[in-house]
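Throughout the sequence shown, residue numbering follows UniProt numbering, covering 1 to 323 in sequence.
Each remark here refers to the structure printed beneath this line.
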Amino acid sequence: MYPNNLKKARNIKDEHHPTDLFFEISHAASRRQQEGIRWRGRQPDAEREREEEEDYLLRAQQVHEDEEKAKAEIEKLITETFKKDLDTWREKRNKEAQRDRLSRAEVDDEVLRMVEKVHRAVGLGKRRMEDGTEEPHDEWRGRMVSLRRQIYRVWNENQGRICMGLPRYVEGYPVREGIKPPKFLPGRRQKLSGLGACLQCEVKGLGCSRSMLSGRVSGRDLQSKGCKRCEEEGERCIVEWELEDTEEEELQDKGKKESGQKDYTWDWVDGSSGPEPGSETESVAEAVEMWERRRRGAKLELVGGSMQWVEAGGFAPRKSEKA
Numbered sequence: 001m002y003p004n005n006l007k008k009a010r011n012i013k014d015e016h017h018p019t020d021l022f023f024e025i026s027h028a029a030s031r032r033q034q035e036g037i038r039w040r041g042r043q044p045d046a047e048r049e050r051e052e053e054e055d056y057l058l059r060a061q062q063v064h065e066d067e068e069k070a071k072a073e074i075e076k077l078i079t080e081t082f083k084k085d086l087d088t089w090r091e092k093r094n095k096e097a098q099r100d101r102l103s104r105a106e107v108d109d110e111v112l113r114m115v116e117k118v119h120r121a122v123g124l125g126k127r128r129m130e131d132g133t134e135e136p137h138d139e140w141r142g143r144m145v146s147l148r149r150q151i152y153r154v155w156n157e158n159q160g161r162i163c164m165g166l167p168r169y170v171e172g173y174p175v176r177e178g179i180k181p182p183k184f185l186p187g188r189r190q191k192l193s194g195l196g197a198c199l200q201c202e203v204k205g206l207g208c209s210r211s212m213l214s215g216r217v218s219g220r221d222l223q224s225k226g227c228k229r230c231e232e233e234g235e236r237c238i239v240e241w242e243l244e245d246t247e248e249e250e251l252q253d254k255g256k257k258e259s260g261q262k263d264y265t266w267d268w269v270d271g272s273s274g275p276e277p278g279s280e281t282e283s284v285a286e287a288v289e290m291w292e293r294r295r296r297g298a299k300l301e302l303v304g305g306s307m308q309w310v311e312a313g314g315f316a317p318r319k320s321e322k323a
């Protein structure tokens with residue numbers, strides 16, 4: 001058995017020549033070297049891939065942070081908008097709750113308190129400065145504008161209740177439309193114009209602007225224009241005009257003229273004998289008669305399906321005569 005194994009070993013030795021073995025070793029070393037080179041070549045690619053992956057993760061994280069920040073800003077904006085709308089609604093509700101809570105008398109008391117406060121502090125007129133000069137107009141005007149705004153605010157908040165406390169119409173005239181907040185102006189020196197009050201103001205028992213001179217208005221201007229109250233109410237002033245006598249009347253009234261007496265008559269302020277524009281009154285005589293009836297206390301009332309003048313004195317019982 002031994003000789004056969006020896007023979008087999010010889011055959012193996014003959015098959016592997018020393019040159020082939022060296023070639024095998026060189027080839028293996030070369031292949032290992034190439035694999036090392038390839039591995040070293042792949043290492044920068046792996047590093048680059050790793051850096052790219054890290055950069056991608058950083059960008060994704062930054063995008064996520066930006067989205068969270070934008071989301072937080074949107075939520076903050078929504079919260080602020082909601083809070084602002086809520087405050088506006090509450091302010092509106094509070095204003096509505098405060099509206100029409102004071103009557104006309106209470107509003108007048110509040111206005112008087114405001115005026116008294118300003119009057120005690122600095123006064124309503126222009127102050128006298130230390131150097132003896134008058135207070136600048138802009139400073140005084142700013143103080144008056146501030147007071148006027150406060151008065152208007154109280155008035156406007158309670159205007160509904162103020163108007164509801166008055167009738168809508170009195171003898172066919174709108175009353176509520178003429179209700180306005182008070183105005184406070186500095187005291188101005190007024191002079192008598194020498195003209196009498198118009199018939200409307202005389203019947204109403206109110207002062208007439210025709211009888212006083214204010215500012216740069218002259219008596220001639222007042223004579224040709226209506227009073228301020230009639231202009232605001234859209235009425236046409238009825239004023240006294242001096243009669244121009246004819247020759248016969250001059251002879252008859254010679255004694256009266258010598259005594260200084262003059263005759264006057266009621267007529268439109270512009271001297272026109274035509275009817276009042278936009279009125280059912282046909283002549284000044286009818287207008288004068290209407291106002292004279294009001295002076296006596298007569299009122300227009302619905303009687304039998306038509307408007308008729310009714311004098312309250314006609315319904316009063318007669319006084320019993322003592323025997």
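Idealized CB from N, CA, C, for every residue including glycine.
Predicted model only: the values in this text are computed from it and were never measured.
Output yes or no for whether 8 Å exceeds the beta carbon distance between residue i and residue j.
{"i": "residue 298", "j": "residue 284", "result": "no"}
{"i": "residue 170", "j": "residue 294", "result": "no"}
{"i": "residue 100", "j": "residue 142", "result": "no"}
{"i": "residue 118", "j": "residue 147", "result": "yes"}
{"i": "residue 172", "j": "residue 300", "result": "yes"}
Mark residue i as exposed unless 16 or more other C-beta atoms lie within 10 angstroms of its C-beta, in which case mark it buried.
{"i": "residue 306", "result": "exposed"}
{"i": "residue 165", "result": "exposed"}
{"i": "residue 200", "result": "buried"}
{"i": "residue 303", "result": "exposed"}
{"i": "residue 89", "result": "exposed"}
{"i": "residue 213", "result": "buried"}
{"i": "residue 158", "result": "buried"}
{"i": "residue 296", "result": "exposed"}
{"i": "residue 28", "result": "exposed"}
{"i": "residue 287", "result": "buried"}
{"i": "residue 267", "result": "buried"}
{"i": "residue 1", "result": "Here the model assigns residue 1 a pLDDT of 47, short of 50, so the residue's position is not dependable and the matter cannot be decided."}
Roughly how many angstroms separate the alpha carbons of residue i and residue j, rounded to a whole number?
{"i": "residue 61", "j": "residue 76", "result": "22 Å"}
{"i": "residue 182", "j": "residue 152", "result": "8 Å"}
{"i": "residue 129", "j": "residue 140", "result": "12 Å"}
{"i": "residue 193", "j": "residue 232", "result": "21 Å"}
{"i": "residue 209", "j": "residue 290", "result": "22 Å"}
{"i": "residue 308", "j": "residue 104", "result": "33 Å"}
{"i": "residue 32", "j": "residue 25", "result": "11 Å"}
{"i": "residue 97", "j": "residue 82", "result": "22 Å"}
{"i": "residue 37", "j": "residue 57", "result": "31 Å"}
{"i": "residue 248", "j": "residue 168", "result": "Confidence at residue 248 is low in this model, with a pLDDT of 46, below 50, so its placement is unreliable and the value that follows should be read with caution. Their backbone Cα atoms lie some 52 Å apart in a straight line."}
{"i": "residue 207", "j": "residue 174", "result": "20 Å"}
{"i": "residue 48", "j": "residue 30", "result": "28 Å"}
{"i": "residue 69", "j": "residue 124", "result": "58 Å"}
{"i": "residue 51", "j": "residue 79", "result": "41 Å"}
{"i": "residue 35", "j": "residue 72", "result": "54 Å"}
{"i": "residue 131", "j": "residue 91", "result": "47 Å"}
{"i": "residue 102", "j": "residue 116", "result": "19 Å"}
{"i": "residue 138", "j": "residue 65", "result": "57 Å"}
{"i": "residue 330", "j": "residue 67", "result": "Since the first residue shown for the chain is 1 and the last is 323, residue 330 is missing from the structure and cannot be characterised."}
{"i": "residue 53", "j": "residue 63", "result": "15 Å"}
{"i": "residue 74", "j": "residue 55", "result": "28 Å"}
{"i": "residue 84", "j": "residue 136", "result": "41 Å"}
{"i": "residue 120", "j": "residue 292", "result": "45 Å"}
{"i": "residue 205", "j": "residue 230", "result": "14 Å"}
Among residues of its own chain, excluding the 5 on either side of residue i, which ones have a beta-carbon nearer than 7 Å to its beta-carbon?
{"i": "residue 163", "result": "176, 179"}
{"i": "residue 223", "result": "195"}
{"i": "residue 154", "result": "107, 110, 111"}
{"i": "residue 134", "result": "126, 128"}
{"i": "residue 150", "result": "114"}
{"i": "residue 235", "result": "200"}
{"i": "residue 211", "result": "192, 193, 195, 196, 197"}
For residue i, which residues in the same chain have their Cβ closer than 6 Å to its Cβ, ignoring the five residues on either side in sequence?
{"i": "residue 226", "result": "237, 269"}
{"i": "residue 144", "result": "none"}
{"i": "residue 239", "result": "198, 269"}
{"i": "residue 228", "result": "209"}
Give every residue of the same chain whose Cβ lies closer than 8 Å to the Cβ of residue i, excluding the five residues on either side of it in the sequence, and list them in chain order.
{"i": "residue 95", "result": "157"}
Report the residue ranges of all alpha helix (DSSP H) runs contained in full by the segment 154 to 219; include only those spanning at least 4 residues, in chain order. 159 to 164, 199 to 204
Ordered list of alpha helix (DSSP H) runs contained in the segment 56 to 134, each at least 4 residues: 104 to 121
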